[in-house]
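Undergrad: Residue numbers (the numbering used here): 16 to 325.
Virtual Cβ for every residue (Gly too), placed ideally from N, Cα, C.
Small disclaimer: the values here were computed from a predicted structure and weren't measured.
Just dropping this structure here.
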Amino acid sequence: MARIRDTSYDKSVVYEPSEDSFLLADAVAEEIWSREKRKESNALRRLDDDDENDFDDENDEEEEEFVSVEIGVGSGYVLCSHAMRFCEEMKERLQRKQREDDSKTKKKCRRVWRFLGVDVNEKAVEHAKETMRRHGLRVVGDDEEEEKEDFDEDDSSSSRYSIEIFRGDMLEDDRFYRRRINAKKKKTEEVKEEERKKKLIDVLLFNPPYVVTPSEEIYDPSTKSSSLSSSLTAAWAGGVRGREVVDRILYDIKSWLRPNGGTFLVVAYAQNDIEEMMEILSNQDGMRVERAKWTKADEESLVVLKAVRL
Numbered sequence: 016m017a018r019i020r021d022t023s024y025d026k027s028v029v030y031e032p033s034e035d036s037f038l039l040a041d042a043v044a045e046e047i048w049s050r051e052k053r054k055e056s057n058a059l060r061r062l063d064d065d066d067e068n069d070f071d072d073e074n075d076e077e078e079e080e081f082v083s084v085e086i087g088v089g090s091g092y093v094l095c096s097h098a099m100r101f102c103e104e105m106k107e108r109l110q111r112k113q114r115e116d117d118s119k120t121k122k123k124c125r126r127v128w129r130f131l132g133v134d135v136n137e138k139a140v141e142h143a144k145e146t147m148r149r150h151g152l153r154v155v156g157d158d159e160e161e162e163k164e165d166f167d168e169d170d171s172s173s174s175r176y177s178i179e180i181f182r183g184d185m186l187e188d189d190r191f192y193r194r195r196i197n198a199k200k201k202k203t204e205e206v207k208e209e210e211r212k213k214k215l216i217d218v219l220l221f222n223p224p225y226v227v228t229p230s231e232e233i234y235d236p237s238t239k240s241s242s243l244s245s246s247l248t249a250a251w252a253g254g255v256r257g258r259e260v261v262d263r264i265l266y267d268i269k270s271w272l273r274p275n276g277g278t279f280l281v282v283a284y285a286q287n288d289i290e291e292m293m294e295i296l297s298n299q300d301g302m303r304v305e306r307a308k309w310t311k312a313d314e315e316s317l318v319v320l321k322a323v324r325l
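Structure, rendered in structure tokens:
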């Protein structure tokens with residue numbers, strides 16, 4: 016887990032790691048990194064899967080990346096905890112590989128692991144980057160040299176991973192899409208049209224603003240303001256039923272997750288109508304939905320819902 020003492024935040028402008036943050040970080044550890052859970056075919060089952068699969072050229076590039084995204088990265092506590100578990104896992108795998116001299120394991124280690132954190136709050140972006148640095152993790156943009164392309168068998172710290180944290184609204188940034196130019200014939204001339212295709216995500220994390228508030232208090236990233244004139248409101252003001260922000264992606268989660276294990280972990284309070292949220296996720300064909308973690312906070316039920324694309 017990330018260390019609170021090394022987590023960067025200013026309570027006046029960035030959400031302080033709290034009970035919901037800790038619950039989500041625990042859910043990541045148990046639902047994503049637990050070996051027992053991987054045996055149940057969750058998002059990381061490919062880490063232990065030595066079977067060779069054939070992919071077409073288009074999908075092969077995506078399969079070489081394992082993508083984790085946190086929407087509303089805040090102080091960076093949760094994403095940092097996730098990335099640190101990755102580094103620990105890779106260190107263990109390298110030790111096993113050196114003992115077993117398993118060529119297939121070596122090949123699997125060549126996958127690029129990407130950790131992306133996005134937040135509408137510019138201050139949060141800077142604090143999250145600092146949190147990563149304080150835990151000894153590289154952040155894209157810190158080094159002038161490009162990351163090494165080859166995997167170094169003798170140094171676990173050189174495992175190919177990248178951490179990128181940037182300002183953005185939900186999953187609207189171009190980083191979450193692949194662009195393709197399609198040439199179409201219209202009458203006598205050829206017209207080129209640009210198509211944006213979603214990049215599939217293996218692990219999607221979201222601790223949304225879930226406090227019930229008037230709609231006008233929701234932070235508007237386009238104007239960088241709300242009726243409360245503070246970027247910190249982006250962390251908690253959720254509008255009607257505390258659902259207006261999370262509902263923007265809740266109905267379309269399946270299309271973002273990689274088939275056969277892509278996992279969505281989202282925090283919710285009882286006031287958000289948890290049963291309805293689960294129903295919305297379950298109604299997307301091929302999704303398994305359950306309560307992953309729960310606790311009591313301020314006398315209300317706080318839960319982490321897990322939705323897995325089958």
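Can you tell me where the beta strand (DSSP E) with S83 in it begins and where it stops?
TA: Along the sequence shown, one-based indexing puts residue 83 at 68. Residues E80 to I86.
Undergrad: Output the distance between the C-alpha atoms of L320 and S177, rounded to the nearest integer angstrom.
TA: Start at 1 with the first residue of the sequence shown, and residue 320 comes out as number 305. Start at 1 with the first residue of the sequence shown, and residue 177 comes out as number 162. In a straight line, the C-alpha of L320 is about 27 Å away from that of S177.
Undergrad: Rounded to whole angstroms, what's the CA-CA distance from A249 to I264? Just pull it up for me.
TA: Position 234 of the sequence shown, counted from the first residue, corresponds to residue 249. Position 249 of the sequence shown, counted from the first residue, corresponds to residue 264. One C-alpha to the other measures close to 16 Å.
Undergrad: Who are the Cβ neighbours of G132 in its own chain at under 7 Å, not counting the five residues just before and after it?
TA: What you label residue 132 is simply residue 117 of the sequence shown in a count that begins at 1. The residues are E85, V88, G91, L94, A143 and I180.
Undergrad: List the whole-angstrom C-beta distance separating V282 from L39, where the pair is believed to meet the contact cut-off of C-beta under 8 Å.
TA: Against the sequence shown, residue 282 aligns to sequence position 267. Against the sequence shown, residue 39 aligns to sequence position 24. At roughly 5 Å, the Cβ-Cβ gap stays under 8 Å, so V282 and L39 are in contact.
Undergrad: Between G183 and D134, what straight-line distance do the alpha-carbon atoms span, to the nearest angstrom?
TA: As a working mapping, residue 183 is identified with position 168 in the sequence shown. As a working mapping, residue 134 is identified with position 119 in the sequence shown. For G183 and D134, the distance between alpha carbons rounds to 6 Å.
Undergrad: Shortest alpha-carbon distance to G257 belongs to which of D288, M16 and G276?
TA: Within the sequence shown, residue 257 is the residue found at index 242, counting from 1. When only C-alpha atoms are compared, the closest one is D288.
Undergrad: Go ahead and pull the three-state DSSP assignment for T278.
TA: Working through the sequence shown from its first residue, we reach residue 278 at position 263. Reduced to three states, the DSSP call for T278 is strand.
Undergrad: For a test of the three-state rule: what should DSSP assign to V260, helix, strand or coil?
TA: Taking the sequence shown and counting its residues from 1, one reaches residue 260 at position 245. In this structure, V260 counts as coil in the three-state DSSP scheme.
Undergrad: With DSSP collapsed to three states, give me the class of M105.
TA: Mapped onto the sequence shown, residue 105 falls at position 90. Correct three-state label for M105: helix.
Undergrad: Among the candidates S270, Q286 and S246, whose CA atom is the shortest distance from the CA of K26?
TA: Mapped onto the sequence shown, residue 26 falls at position 11. Taking only the C-alpha atoms, the option nearest K26 is S246.
Undergrad: How many Å lie between R194 and D188 at the Cα?
TA: Position 179 of the sequence shown, counted from the start, is the residue given in the question as residue 194. Position 173 of the sequence shown, counted from the start, is the residue given in the question as residue 188. One C-alpha to the other measures close to 12 Å.
Undergrad: Check this for me: beta carbons of I285 and E315, under 8 Å apart or not?
TA: As a first step, residue 285 must be located in the sequence shown, where it is residue number 270. As a first step, residue 315 must be located in the sequence shown, where it is residue number 300. Residue identity check: residue 285 is Ala in the sequence provided, not Ile. Yes.
Undergrad: Quick one: measure Cβ to Cβ for T310 and E34, integer angstroms, because I've assumed they're closer than 8 Å.
TA: Within the sequence shown, residue 310 is the residue found at index 295, counting from 1. Within the sequence shown, residue 34 is the residue found at index 19, counting from 1. Sure, about 7 Å apart at Cβ, within 8 Å.
Undergrad: Less than 7 Å between C-beta atoms, sequence neighbours within five positions excluded: which residues of the same chain meet that for R306?
TA: For the purposes of this step, residue 306 is taken as the residue at position 291 of the sequence shown. Contacts found: V318 and L320.
Undergrad: Just verifying my parser: in three-state terms, what is the DSSP assignment at E290?
TA: Numbered from its first residue, the sequence shown carries residue 290 at position 275. E290: helix per DSSP, three-state reduction.
Undergrad: So, is I19 buried or exposed, given that buried needs 16 or more other C-beta atoms within 10 angstroms?
TA: Residue mapping note: residue 19 aligns to position 4 of the sequence shown, counting from 1. The residue is exposed, with fewer than 16 neighbouring Cβ atoms inside 10 Å.
Undergrad: Whole-angstrom Cβ separation of L280 and L215, contact assumed at under 8 Å?
TA: Stepping through the sequence shown from its first residue, residue 280 is reached at position 265. Stepping through the sequence shown from its first residue, residue 215 is reached at position 200. Not quite, the Cβ-Cβ distance comes to about 16 Å (not below 8 Å), so this is no contact.
Undergrad: Only counting the same chain, and skipping five residues up and downstream in sequence, which positions put a Cβ closer than 8 Å to that of S270?
TA: For the purposes of this step, residue 270 is identified with residue 255 of the sequence shown, where counting begins at 1. The answer, listed in chain order, is K213.
Undergrad: Can you pull the DSSP bridge partners for L220?
TA: By one-based count along the sequence shown, residue 220 stands at place 205. For L220, DSSP records a beta bridge to E85 and L280.
Undergrad: Per DSSP, which residues does G132 bridge with? Please list them.
TA: One-based indexing of the sequence shown puts residue 132 at position 117. The partner list for G132 (beta bridge, DSSP) reads E85 and I180.
Undergrad: Between the C-alpha atoms of A312 and M16, what's the straight-line distance to the nearest angstrom?
TA: Walking along the sequence shown from the start, residue 312 turns up at place 297. Walking along the sequence shown from the start, residue 16 turns up at place 1. Between A312 and M16, the C-alpha separation is close to 21 Å.
Undergrad: Here's a check: name, in chain order, each residue in its chain whose Cβ is nearer than 6 Å to the Cβ of E31, leaving out the five neighbours to either side.
TA: Along the sequence shown, one-based indexing puts residue 31 at 16. Within the same chain, E31 has close Cβ partners Y24.
Undergrad: Rounded to a whole number of angstroms, what is the C-alpha to C-alpha distance between S237 and R114?
TA: Looking up residue 237 in the sequence shown gives position 222. Looking up residue 114 in the sequence shown gives position 99. Computed Cα separation, rounded: 53 Å.
Undergrad: Answer with buried or exposed for Y234, where buried requires no fewer than 16 other C-beta atoms within 10 angstroms of its C-beta.
TA: Locating residue 234 in the sequence shown gives position 219, counting from the first residue. Y234 should be labelled buried.
Undergrad: Enumerate in chain order the residues of its own chain whose CB-to-CB distance from V304 is below 6 Å, with the five nearest sequence positions on each side excluded.
TA: One-based indexing of the sequence shown puts residue 304 at position 289. So the qualifying residues of the chain are M293, L296, S297 and A322.
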